[in-house]
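Quick note: the sequence shown uses the UniProt record's numbering, first residue 1, plus one each step. Accompanying notes for the structure given below.
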Amino acid sequence: MSQPITEIVQVKFKSNISIEDQMPEFTRLLERQLGFLQLAWGRWVESPDNVQMLLNWDTIESHHRFEKSGADYAALGVIVKSLVAEPPVVYHVNFKSDNGLTISAASAA
């Protein structure tokens, strides 16, 4: 059975690049994909040219469908390629698996 999946993308951008200008189009392309749920992203505090993105999908199959979608995936690639200093690192994590463990702040103390 397929489960929700988080696509984790680590990107090193060219120095002094403003990705904020590209995010409206980036998110517009993602939001119209079947199975796309949510995007969270931020610059690393220690190295602001590095950005971490968390993309939630209803299933990994939905993400793979997007990768094969043609025009939208190609358009996203054009945006990314214009900004990156090196290829992104991409992997998937199932945070809701039976193997996962969630600890509340109170019990971790």
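Using N, Cα and C, we set each Cβ at its ideal position, and we do this for glycine too.
{"Check": "Name the residue from Lys96, Ala71, Val84, Glu86 whose alpha carbon lies nearest to the alpha carbon of Leu29.", "Outcome": "Ala71"}
{"Check": "Please name the residue, chosen from Asn16, Glu20, Glu25, that lies closest to Val78 on a Cα-to-Cα basis.", "Outcome": "Glu25"}
{"Check": "What runs of the beta strand (DSSP E), each 3 residues or longer, lie entirely inside the segment 19-89?", "Outcome": "36-43, 50-57"}
{"Check": "With Gln10 as the anchor, note down where its beta strand (DSSP E) starts and where it stops.", "Outcome": "5-12"}
{"Check": "Check whether the Cβ atoms of Glu7 and His92 sit closer than 8 Å, and answer yes or no.", "Outcome": "yes"}
{"Check": "Alpha carbons only, please: which of Ser82, Ala40, Phe66, Gln3 is nearest the one belonging to Ser15?", "Outcome": "Ser82"}
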